[in-house]
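Residue numbers (UniProt numbering): 1 to 258.
Here it is as structure tokens:
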């Protein structure tokens, strides 16, 4: 297998109405599989959230990461994704989340670190166009002078790579610290003020509405790599809905690493 380049592929964009946290987890599973099987062209999917959530990485301990009582109190659903990486605190309108489903040929021969940097390069360019000097921080962060902007996660399987990124647009730091244990431990000696600084939202750095940031990101991807508007196929949505109601809603999956 030869290594391919972005422009060797016919990239598609999916950006639909808000969906539930479990359906998002299932869509990542299904779309990675479809691209790997050659039934779907490589795709960029921009997520819209129907409800708040904490998304934990595939290998994270539920108990160590999340204060379940605080999550229930705030009405926040806890879900586990198929890719690795750290816990993400999500509130609709406060994050920008996207996934890239790519053939493995795109990163053939690259180390994990090189693959992360490769998949993040277009976003760094988009942020630069918005006046943010951002850079890739190994292994899976995008950061700036104002603090961390985004966290990424990856999974390679079945001929495809899933590269998933959550960017902080505007974060309720106090609520995040209430629900995420790890942030609390890291920051307990520094206080909540520095927690707000640790993840520096894009809103404060750009002064732009969330939609305008997404628009710039999509335009940059389109210019660099080509991008045609697409939608979920009926069979993809059916598969994802079924998985969302079974695998991704099951306590066994969510608490898989206790």
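In this text, a Cβ means the ideal position worked out from N, Cα and C, and glycines have one as well.
Bear in mind the structure is a predicted one, so any value in this text is a computation, not a measurement.
Where residue i falls, given that 16 or more other Cβ within 10 Å makes a residue buried
i           : result
residue 244 : buried
residue 189 : Any reading at residue 189 must be qualified, since the residue scores a pLDDT of 49, below 50, and its modelled position is unreliable; the value itself is stated next. The residue in question, residue 189, is exposed, as its Cβ has fewer than 16 Cβ neighbours within 10 Å.
residue 129 : exposed
residue 17  : exposed
residue 1   : exposed
residue 59  : exposed
residue 248 : buried
residue 65  : buried
residue 57  : buried
residue 246 : exposed
residue 191 : Note that residue 191 scores a pLDDT of 47, beneath 50, so its modelled location is shaky; the value from the coordinates is reported in the next line. By the 10 Å Cβ count, residue 191 comes out exposed.
residue 73  : exposed
residue 10  : exposed
residue 234 : exposed
residue 223 : exposed
residue 178 : buried
Integer-rounded CB distance, given that residue j should sit under 8 Å from residue i
i           : j           : result
residue 99  : residue 51  : The Cβ separation is near 18 Å, so there is no contact.
residue 62  : residue 254 : 6 Å
residue 120 : residue 96  : About 14 Å separates the two Cβ atoms, so there is no contact after all.
residue 32  : residue 79  : Contact flag wrong, Cβ pair sits at about 16 Å.
residue 104 : residue 159 : 6 Å
residue 109 : residue 3   : 6 Å
residue 181 : residue 126 : In fact, because the Cβ distance is near 32 Å, the residues do not count as touching under 8 Å.
residue 240 : residue 30  : 5 Å
Nearest candidate by alpha-carbon position, reference residue i, set the options
i           : options               : result
residue 26  : 37, 47 and 6          : 47
residue 102 : 35, 165 and 228       : 35
residue 232 : 157, 165, 220 and 43  : 43
residue 167 : 157, 179, 124 and 161 : 124
residue 147 : 210, 199 and 235      : 199
residue 237 : 216, 82 and 28        : 28
residue 53  : 93, 15, 223 and 40    : 93
residue 118 : 77, 91 and 162        : 162
residue 165 : 145, 83 and 179       : 83
residue 6   : 55, 81, 106 and 252   : 106
residue 91  : 49, 209 and 41        : 49
residue 218 : 40, 145, 81 and 122   : 122
residue 209 : 242, 169, 221 and 179 : 169
residue 8   : 242, 41 and 251       : 41
residue 24  : 257, 242, 138 and 145 : 242
Residue i Cβ short of 8 Å to the ligand FMN heavy atom set
i          : result
residue 78 : Judged by which ligands are present, the structure shown has none, so any question about the ligand FMN falls away.
TODO: Count the CB pairs spanning the region 127 to 137 and the region 64 to 78 that are closer than 8 Å, and state whether there are at least three.
DONE: Touching, no, given that fewer than three Cβ pairs across the two stretches are closer than 8 Å.
Task: Length at least 3, wholly inside the region 80 to 123: the beta strand (DSSP E) runs in chain order - done: 88 to 90 and 95 to 103
- [ ] Note down, one range per segment and in chain order, each beta strand (DSSP E) of at least 3 residues found wholly within the region 21 to 62.
- [x] 43 to 47 and 53 to 56
- [ ] Could you tell me whether the region 104 to 119 touches the region 75 to 87, where touching means 3 or more Cβ pairs closer than 8 Å?
- [x] Because the criterion of three Cβ pairs below 8 Å is not met, the region 104 to 119 and the region 75 to 87 do not touch.
- [ ] Give a yes or no on contact between the region 152 to 163 and the region 197 to 214, applying the rule of three or more CB pairs nearer than 8 Å.
- [x] no
Task: Three CB pairs or more closer than 8 Å across the region 172 to 181 and the region 227 to 247 - done: no
Task: Sequence ranges, alpha helix (DSSP H) only - wholly within the region 152 to 236, length at least 4 - done: Entirely contained in the region 152 to 236, the alpha helix (DSSP H) runs reaching 4 residues are, in chain order, 173 to 179, 181 to 187, 192 to 198, 202 to 206 and 210 to 225.
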